[in-house]
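This report refers to the structure that appears directly beneath it.
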Amino acid sequence: MLEIRNLHARVEGNDILKGINLTVKPGEIHAMMGPNGSGKSTLAGVLAGKEIYEVTEGEVIYNGKNLLDLDPSVRACEGVFLAFQYPVEIPGVSNTYFLKAAYNAVRKYRGEEELDAVDFLALVREKMKLVEMDPSLLSRPVNEGFSGGEKKRNEILQMAVLDPMLSILDETDSGLDIDALRIVANGVNTLHTPQNAAIVVTHYQRLLDYIIPDFVHVLVDGRIVKSGDKSLAHHLEDHGYDWAKDLKSPVPETI
Amino acid sequence: MSDGRAMNNETAIQNYRDLFATFEHTLNGGASGETHRLRREAIDRFASTGFPTMRGEDWRYTNFNPLIRQSFALAEAPGAQPSLRDAALAGSIDIAGAVTLLFVNGVYLPELSDIDRIPDGIRVTPLHEFIAAETDRAAETDRAANPAMADDVLARNPFAALNTAFMHHGVVIETARGVTATVPLHLLFFCTDSPQPFMTHPRVIVRMASQAQLDIVEQYAGADGATYFTNTLTDIRVEDGAVLRHVKLQDESRSAVHVASVYTSAGRAGTYENHAIGFGSALQRGNIHGVLDGEGGHVTMNGLFLPSGTQHMDHFTTIDHAVPHCTSHELYKGVLADEARGVFTGKIIVRQDAQKTDAVQANNNMLLSERAQIDTRPQLEIYADDVRCTHGATVGRMSADQLFYLLSRGIDRQTAQNILTYAFAADIVARIPIDTVREVLDVELHRRLGATWNK
Ligand SMILES: Nc1ncnc2c1ncn2[C@@H]1O[C@H](COP(=O)(O)OP(=O)(O)OP(=O)(O)O)[C@@H](O)[C@H]1O
Ligand SMILES: [Mg+2]
Numbered sequence: 631m632l633e634i635r636n637l638h639a640r641v642e643g644n645d646i647l648k649g650i651n652l653t654v655k656p657g658e659i660h661a662m663m664g665p666n667g668s669g670k671s672t673l674a675g676v677l678a679g680k681e682i683y684e685v686t687e688g689e690v691i692y693n694g695k696n697l698l699d700l701d702p703s704v705r706a707c708e709g710v711f712l713a714f715q716y717p718v719e720i721p722g723v724s725n726t727y728f729l730k731a732a733y734n735a736v737r738k739y740r741g742e743e744e745l746d747a748v749d750f751l752a753l754v755r756e757k758m759k760l761v762e763m764d765p766s767l768l769s770r771p772v773n774e775g776f777s778g779g780e781k782k783r784n785e786i787l788q789m790a791v792l793d794p795m796l797s798i799l800d801e802t803d804s805g806l807d808i809d810a811l812r813i814v815a816n817g818v819n820t821l822h823t824p825q826n827a828a829i830v831v832t833h834y835q836r837l838l839d840y841i842i843p844d845f846v847h848v849l850v851d852g853r854i855v856k857s858g859d860k861s862l863a864h865h866l867e868d869h870g871y872d873w874a875k876d877l878k879s880p881v882p883e884t885i
Numbered sequence: 023m024s025d026g027r028a029m030n031n032e033t034a035i036q037n038y039r040d041l042f043a044t045f046e047h048t049l050n051g052g053a054s055g056e057t058h059r060l061r062r063e064a065i066d067r068f069a070s071t072g073f074p075t076m077r078g079e080d081w082r083y084t085n086f087n088p089l090i091r092q093s094f095a096l097a098e099a100p101g102a103q104p105s106l107r108d109a110a111l112a113g114s115i116d117i118a119g120a121v122t123l124l125f126v127n128g129v130y131l132p133e134l135s136d137i138d139r140i141p142d143g144i145r146v147t148p149l150h151e152f153i154a155a156e157t158d159r160a161a162e163t164d165r166a167a168n169p170a171m172a173d174d175v176l177a178r179n180p181f182a183a184l185n186t187a188f189m190h191h192g193v194v195i196e197t198a199r200g201v202t203a204t205v206p207l208h209l210l211f212f213c214t215d216s217p218q219p220f221m222t223h224p225r226v227i228v229r230m231a232s233q234a235q236l237d238i239v240e241q242y243a244g245a246d247g248a249t250y251f252t253n254t255l256t257d258i259r260v261e262d263g264a265v266l267r268h269v270k271l272q273d274e275s276r277s278a279v280h281v282a283s284v285y286t287s288a289g290r291a292g293t294y295e296n297h298a299i300g301f302g303s304a305l306q307r308g309n310i311h312g313v314l315d316g317e318g319g320h321v322t323m324n325g326l327f328l329p330s331g332t333q334h335m336d337h338f339t340t341i342d343h344a345v346p347h348c349t350s351h352e353l354y355k356g357v358l359a360d361e362a363r364g365v366f367t368g369k370i371i372v373r374q375d376a377q378k379t380d381a382v383q384a385n386n387n388m389l390l391s392e393r394a395q396i397d398t399r400p401q402l403e404i405y406a407d408d409v410r411c412t413h414g415a416t417v418g419r420m421s422a423d424q425l426f427y428l429l430s431r432g433i434d435r436q437t438a439q440n441i442l443t444y445a446f447a448a449d450i451v452a453r454i455p456i457d458t459v460r461e462v463l464d465v466e467l468h469r470r471l472g473a474t475w476n477k
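These protein sequences, in sequence, are chains A and B.
Residue numbers 631 to 885, in my numbering, belong to the letters of the first sequence in order.
Residue numbers 23 to 477, in my numbering, belong to the letters of the second sequence in order.
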């Protein structure tokens, strides 16, 4: 589904990603861990098409297409979804209106009929149960004044509505209390199928108790320096990143 | 001056003098009396200055050369064919229940207006009849009847002088004391296409008796591509405790020039609200001058302007707090695309006696293109010490983060920009307190943003 080859990217003249290689197949869940500033959000942003990142080398093949050639909105329509580490507030645009515009844009791209307001509302109410979100958040402007946890739930609600092929969750667990963490993780698990895949960026082993990854990668200074199964996450929890920082070159183990 | 040669201000002045002489002849018996003395004074005043130049402090961001280069004939009174009403309504907003008063090429046409539905307690009189009656009420056309116009308006505003010189067409709207009109008056000014460029100088006089309440929607529209010059003047007096909610929609031919001067004053506990939505013309200048001369009075001035292409839209607002304990609230928003230019000047005067004044002003602008330009200047003249006055101006571009958020959810770039533009602009429409008007303008804004930016 996704093949990242030797990906280099910079932002404002600084090299951040320095040769990422990663293969994601349908049905897989990949955890991406690594110290602050190592480039996890940058990788997520490059995949979603954020313009401030300049790709200087390498390629990304997504379902046979060159992902980096696609406009961000086309990537989304093709099934790429990024749950933001810091969801953006959009005053003046109601959450429902936004969700409906996004949902129908994707439907239209797929050649499917757009849903009317009534049917759409029914769909959203159904999906909201998954993340146990307060319905009053639907009529409020997108993320405006939402608590940290509400913003994260809203991201998962969008994911549930858009039904993506490849979800990239950037620290969706941070800022969640323990109940919310369980709810969000449960939502992600429910949405997971043998046909789709997820890259889960996290700092905490805790999340991986709920979302069981097939692979765990350690990103340090713009490179994946170690990959393993979920036991790698336990190792990180116990020993931190210092040992990994000494690993100069990528050491693929499981891939 | 119809040979198309370039004119300068001197030749333009002579041209207007000639047109005034022609106009005088058409008045027959009307060319005497107090009102006509005022007209003559006004043409002399205009002749002494000509059109404003960019050297004048109050006019410095707008070039009126299009008015000097082009000569405009006086609009001829159209016949009252019902087809005119159809043509005007075809491009008009449809306000549920509103009483439409139709003006074609600046001429009020009662035959094509809903005069049989004018609410009880509201009197609408054609301006020329009002003047011809030569009763005491005719003095209402004079400056002294409205404190907002008393301060030498003919000298300060050449467009007000020009409108006064050609004062003939328009309406006088008077309310009885304490009356509450349940439906809005919709004054629809429509200009037809004409082989020769023409000008109109309509005047609307509104006299709100004490405790009366009325909603007025002024809409200026024109046939696509028609070349004309609208120079309108609105003279409003709000007596004690009266409430006038005044909405203006300006959406003229993109070859037209639109100049509007609104002079309004509110007495004790009177409220005047102005909500101006502008899609524009080639060139647009709006002057709104509000005076609070009775304690407890309130003025709202909100505006939204959305020029695109090479449109130029200039707003000059003044709120004059002359007495204590009054409030004013002003919010203007500009959305400027392509090579459009916008100007906002917000003058707030707080006189020495006007203690406990509470005045809030803000102007926020969004530039959708590198070449769009906005000049914004708050001008606060505060002579009292115990007051609360705040003002703020912002100029920004669309947020890249917000845009990316929408894109990342599959919404295409153009639609995403439209959504964010709407989100910025809709706030002004949302503040219009008349439900039927707000709803129809909200739909209109939605449609326009799609049409203008969805090329
Ligand atoms: N817009 C930007 N301008 C300048 N530097 C940036 C920008 N965005 C990211 N960076 C830098 O790129 C590096 C990688 O940042 P990134 O956000 O990808 O890290 P991260 O691994 O997600 O960290 P965290 O765990 O703290 O979320 C950091 O040093 C950061 O300061
Ligand atoms: Mg990050």
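Virtual Cβ for every residue (Gly too), placed ideally from N, Cα, C.
1) Which ranges does the alpha helix (DSSP H) cover as unbroken runs of at least 4 residues, wholly within the stretch 401–446 of chain B, from first to last along the chain?
2) Should Asn324 of chain B be labelled buried (16 or more other beta-carbon atoms within 10 Å of its own) or exposed?
3) Quick one: residues with CB closer than 7 Å to any heavy atom of ligand 2, in chain order, please.
4) Could you give the distance in angstroms between the alpha-carbon of Ala747 of chain A and the alpha-carbon of Tyr733 of chain A?
5) Measure the beta-carbon distance from His347 of chain B to Lys378 of chain B and round it to whole angstroms, keeping in mind my assumption that it falls under 8 Å.
6) Taking DSSP as the reference, what is the three-state secondary structure of Ala344 of chain B?
7) Cα separation between Arg469 of chain B and Asn440 of chain B?
8) Using C-beta distances below 8 Å, list every residue in its chain close to Pro104 of chain B, excluding the 5 sequence neighbours before and after it, in chain order.
9) Under the rule that 16 or more other beta-carbon atoms within 10 Å means buried, what is Asn179 of chain B, buried or exposed?
10) Assign Arg853 of chain A to one of three DSSP states: helix, strand, or coil.
11) Taking only beta carbons into account, state which residues of the stretch 428–453 of chain B come closer than 8 Å to chain E, listed in chain order.
12) Nearest-angstrom Cα distance between Arg145 of chain B and Asp342 of chain B?
13) State the beta-bridge partners of Phe366 of chain B as determined by DSSP.
14) Taking the DSSP output, what are the residues bridged to Glu295 of chain B?
15) Flag Gln424 of chain B as yes if its beta-carbon sits less than 8 Å from any beta-carbon of chain A, otherwise no.
16) So which of B:Gly319, B:Glu317 and B:Thr332 has the shortest CA-CA distance to Gln306 of chain B?
17) On the premise that Ala167 of chain B lies in contact with Arg67 of chain B, defined as a C-beta separation below 8 Å, what is that separation, rounded to the nearest angstrom?
18) Going by DSSP in three states, Ser797 of chain A sits in which element: helix, strand or coil?
19) List, in order along the chain, the chain B residues whose C-beta lies closer than 9 Å to that of Leu637 of chain A?
20) Val831 of chain A and Lys670 of chain A: beta carbons closer than 8 Å?
21) Taking 8 Å as the CB-CB limit, is Ser777 of chain A close to chain B?
22) Assuming Arg290 of chain B and Gly319 of chain B make a contact with CB atoms under 8 Å, what is their CB distance in whole Å?
23) What's the gap between the Cα of Thr367 of chain B and the Cα of Arg399 of chain B?
24) For the beta strand (DSSP E) containing Lys355 of chain B, name the first residue and the last one.
25) If you run the structure through DSSP and keep just helix, strand and coil, what is Ile808 of chain A?
26) For Ile798 of chain A, verify whether its CB is less than 7 Å away from any heavy atom of ligand 1.
27) Is Val704 of chain A helix, strand or coil by DSSP?
28) Expressed to the nearest angstrom, what Euclidean distance is found between the alpha-carbon atoms of Leu149 of chain B and Asn385 of chain B?
29) By DSSP's criteria, Arg640 of chain A is part of a beta bridge. Which residues make up the other side?
30) By the DSSP assignment, the beta strand (DSSP E) with Glu240 of chain B in it spans what residues?
31) Excluding the 5 residues flanking Pro794 of chain A on each side, which residues of the same chain have their C-beta closer than 6 Å to its C-beta?
32) Would you tell me roughly how many angstroms separate the C-alpha atoms of Thr147 of chain B and Ala118 of chain B, rounded to the nearest one?
33) Step through the CB atoms of chain B and report whether any lies within less than 8 Å of the CB of Gln788 of chain A.
34) If you measure from the CB of Val279 of chain B, is any heavy atom of ligand 1 nearer than 7 Å?
35) For the alpha helix (DSSP H) containing Gly675 of chain A, name the first residue and the last one.
36) Rounded to whole angstroms, what is the Cα-Cα separation between Asn644 of chain A and His638 of chain A?
So, from the data block:
1) Here the runs fully enclosed are 422–429.
2) The residue is buried, with at least 16 neighbouring Cβ atoms inside 10 Å.
3) Result: A:Lys670, A:Ser671, A:Gln715, A:Asp800, A:Glu801 and A:Val831.
4) The alpha-carbon atoms of Ala747 of chain A and Tyr733 of chain A are separated by roughly 11 Å.
5) Right, their Cβ atoms sit about 5 Å apart.
6) Coil, per DSSP.
7) Each residue's alpha carbon lies about 10 Å from the other.
8) Leu134.
9) The residue in question, Asn179 of chain B, is buried, as its Cβ has 16 or more Cβ neighbours within 10 Å.
10) Note: Arg853 of chain A maps to strand in three-state DSSP.
11) Among the protein chains of the structure shown, namely A and B, there is no chain E.
12) The alpha-carbon atoms of Arg145 of chain B and Asp342 of chain B are separated by roughly 29 Å.
13) In the DSSP assignment, the residues bridged to Phe366 of chain B are B:His337 and B:Thr398.
14) Beta-bridge pairing links Glu295 of chain B to B:Arg267 and B:Thr322.
15) Contact with chain A is found for Gln424 of chain B, since one of that chain's Cβ atoms lies less than 8 Å from the residue's Cβ.
16) Closest by C-alpha distance to Gln306 of chain B, out of B:Gly319, B:Glu317 and B:Thr332, is B:Thr332.
17) That pair is no contact at about 18 Å.
18) Strand, per DSSP.
19) Result: empty, since nearest Cβ-Cβ is about 19 Å, beyond 9 Å.
20) Yes, the pair counts as a contact, with Cβ atoms nearer than the cut-off.
21) No, Ser777 of chain A lies away from the interface with chain B (no Cβ there is under 8 Å from its Cβ).
22) Between the beta-carbon of Arg290 of chain B and that of Gly319 of chain B there is about 7 Å, and that keeps the pair under the 8 Å contact cut.
23) Rounded to whole angstroms, the gap between the alpha carbons of Thr367 of chain B and Arg399 of chain B is 5 Å.
24) For Lys355 of chain B, the uninterrupted beta strand (DSSP E) run begins and ends at Thr349 to Leu358, by DSSP.
25) The answer is helix: DSSP assigns Ile808 of chain A an H, G or I state.
26) Answer for Ile798 of chain A: no, Cβ out of range of ligand 1.
27) Here Val704 of chain A sits in helix by DSSP.
28) Looking at the two C-alpha atoms, the distance is approximately 36 Å.
29) Note: Arg640 of chain A sits in a beta bridge opposite A:Asp645 and A:Glu684.
30) Its beta strand (DSSP E) spans residues Gln235 to Gly244.
31) Taken in chain order, the residues that qualify are Gly709 and Phe711.
32) Roughly 24 Å separates the two Cα atoms.
33) With 8 Å as the cut-off, Gln788 of chain A counts as an interface residue toward chain B.
34) Checking the Cβ of Val279 of chain B against ligand 1 gives no.
35) The continuous alpha helix (DSSP H) containing Gly675 of chain A extends over residues Lys670 to Ala678.
36) Those two C-alpha atoms are separated by around 11 Å.
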